[in-house]
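This note's numbering puts the sequence shown at residues 4 to 517.
Everything on this sheet refers to the single structure shown next.
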Amino acid sequence: MNTRDGRCVSLWQNSSSIYQARPVTGDNSFYDVIIVGGGITGVSTALQLQEAGKKCLLLEANHLGFGTTGGTTAHINTLLDTPYTTIGKNFGQENAMRTAQAVKDGLMHIRRNIDHYAIRCGFSDADAYLFAQDEAQDKKLRDIAAATLDAGLHVTTTPEIPVPVPFTQAIRVEGQAKFHPMQYLFGIAKAYEHIGGAIIQRCRVTGVENNDLVEVETTGGKFTARDLVYATHIPPGVNILHLRCVPYRSYAMAVTLEDEQYPEDLAYDMYDPYHYYRTQEVDGQKYLIAGGKDHKTGEEPNTESCFTQLEAHVRKYFAIKEIAFKWSSQFFEPADGLPYIGHLPGQPENIYVACGYGGNGMIYSSVAATLITKLIMDEVSLYAALFDPNRIKPVAGFSNFIKHNADVVRQFAGKLFPSDKLLQLADLAPDEAKIVQYEGKKLAIYKDAAGQIHAVSPNCTHLQCDVKWNTSEQSWDCPCHGSRFDADGYVLTGPADRDLERVAIESVKKSKVF
Ligand code: FES
């Protein structure tokens, strides 16, 4: 089974194993482009660049699909989370049409990859249904329908929707799709390696120097390239984009149904946060995948209640036979509604980024791959200005990109904390966590199911906000910019690229001493 950035197991990770990359041979120190991040954006971009004749290296801190690609629900949408009404309002009608064209091109490119490389990933076309459930939503739906039509998508009103949920009005938007994201990811990774691309997994970038060429320090050695792409969901370091992308968690479950009434198309209600539904067949079994209950990362004290509420919602409308999988995942909401794809603000021209996809990562990853390839190949793109990360207005007093301070002040060096004292202080049941004060210092303590204590500093290594415990995924999540760490402080999700400081605990059987 594949692993992911949390305890919960997604449908996709359960039905895929860890990617086995080919050994990197030959001259492996210099590349045209280094791509950091082995999710769908990184691998799609690496494949397109390699196809365009570049010599590429993809670096992944864990293994392919460890992050959000392993936890998405894989709706491939041109009907976007940011309604075309909002895109039109923020960017003008022409740019709403341009956005629609960009995502249509993105879908075409996914389709082309699947055909060209014969990728078996359960891809199928689908329509999307957006439905209203009260008068206020009716009015909003009519506006969205008109703006979506004006943007160039095929929209019709419909008297039926594919899910048994009461509704007042609904629209159908053609030209959407769905697939198994890990099978697609592995398919394009194999294609990329087949044409000469290099992948190194379990290789964390620890430093980047830019002197005409980019020198990348990693846990696996040093590599040099002309260009660098951060496909890490959010760039590392301290960047203005961290102020323009808000991290959210979304909850999903894959269930089997008693009555086999699986919806073949995609469906969305209009609440905020909205619920979403679709079906995927995996290894001969159909699953209804339902999701919702989104909240800002680190702001929900009881993440288990999100699953409980989601389950109650799904049970209300569907005859659930079994809840086979439930998991949560992270996405970054862009401030103005469109993703940031292109040159990384505050960095030299040869550093690129793609982030801020909202809930449309599948389609925008493909848009990003094409756009970044064109930028690196010095080709013209119709979409470069639209998605340019530098479109954002400067924030007073904020330097665009602050170089990382690699030397964090270690608070707990040389200290040994008695585990019985910590236990007493935190008064934890198994599988519980708390932040406590001990001798004037804050400690983030987790007691695992076996009774072992794990203690770390709650100070996020990105910009020192206090992390919060996520019960469902057993992670310390940072509410400021979305970094996440496991119970022992290891980085699961950036922008932090350094672990939380671990606290040495005076030996008790099975305790870890660092
Ligand atoms: Fe920025 Fe934690 S992610 S302070």
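Glycine included, each C-beta is placed from N, C-alpha and C at the ideal position.
Here the structure is a predicted model, which is why all the values come from computation and not from measurement.
- Put simply, the residues with a CB less than 5 Å from any heavy atom of ligand 1 are Cys463, His465, Leu466, Cys468, Cys481, Cys483, His484, Ser486, in chain order.
- Here Gly95 is not bridged, per DSSP, to any residue.
- Per DSSP, Ile122 lies in no alpha helix (DSSP H) segment and is marked neither H nor E.
- In the three-state reduction of the DSSP assignment, His278 falls in the coil class.
- Distances from the CA of Asn473 to each of Lys437, Asp391, Tyr441 were compared; the closest alpha carbon is that of Lys437.
- Contact annotation, Tyr355 with Asp230: C-beta distance approximately 7 Å; criterion of less than 8 Å satisfied.
- Here Gln104 carries a helix assignment [DSSP, helix/strand/coil].
- Taking a contact as a CB-CB distance under 8 Å, the pair Ile164 and Glu54 does not count as one, their CB atoms being some 40 Å apart.
- Counting every other CB atom within 10 Å of its CB across the protein chains shown gives Arg281 a total of 16 or more, marking it as buried.
- Met185 sits buried, since 16 or more C-beta atoms from the chains shown fall within 10 Å of its C-beta.
- The closest CA to that of Ala453, considering only Gly56, Asp434, Glu314, is found on Asp434.
- Taking 7 Å as the cut-off, the beta carbon of Leu425 is found no closer than this to the beta carbon of Cys206.
- Contact between Val285 and Ser18 holds: their C-beta atoms lie close to 5 Å from each other, under 8 Å.
- The beta-carbon distance between Gly240 and Pro498, rounded to whole angstroms, is 7 Å. This is short enough to meet the 8 Å contact definition.
- Rounded to the nearest angstrom, the gap between the Cα atoms of Gly56 and His119 is 17 Å.
- Contact check between the region 235-252 and the region 88-104: fewer than three CB pairs, one atom from each, fall below 8 Å, which does not count as touching.
- Taking a contact as a CB-CB distance under 8 Å, the pair Ile456 and Ser422 counts as one, their CB atoms being some 5 Å apart.
- Note: Gln333 is bridge-paired with Arg252 in the DSSP secondary-structure output.
- No residue range can be given for Ser460, since it is assigned to no alpha helix (DSSP H) and is classified by DSSP as neither H nor E.
- Tyr277 and Gly73 have their alpha carbons spaced roughly 21 Å apart.
- Within the region 290-369, the runs of beta strand (DSSP E) at least 3 residues long that lie entirely inside it are, in chain order, 323-337, 343-346, 354-358.
- Residue burial annotation: Phe420 is buried, with at least 16 other C-beta atoms found within 10 angstroms of its C-beta.
- Pairing Ala148 with Lys107, the inter-Cα distance amounts to about 17 Å.
- Collapsing the DSSP output to three states places His465 in coil.
- Across the set Tyr449, Phe415, Lys418, the C-alpha of Tyr449 shows the shortest separation from the C-alpha of Gln427.
- Glu476 sits buried, since 16 or more C-beta atoms from the chains shown fall within 10 Å of its C-beta.
- At the C-beta level, Ala150 and Tyr87 come within 7 Å of one another.
- Across the structure, Asp469 and Asp500 are spaced so that their CA atoms are roughly 16 Å apart.
- Under the 8 Å Cβ criterion, the region 187-194 counts as touching the region 120-127, having at least three qualifying pairs.
- The beta carbon of Pro351 lies closer than 6 Å to those of Asn213 in the same chain, with the five residues before and after it left out.
- Look at Asn393 here: in three-state DSSP terms it is helix.
- Taking the CA atoms as reference points, Ala270 sits about 14 Å from Phe321.
- Look at Ala490 here: in three-state DSSP terms it is coil, with no helix or strand label.
- The beta carbon of Arg115 sits closer than 6 Å to none of the beta carbons in its chain outside the five residues before and after it.
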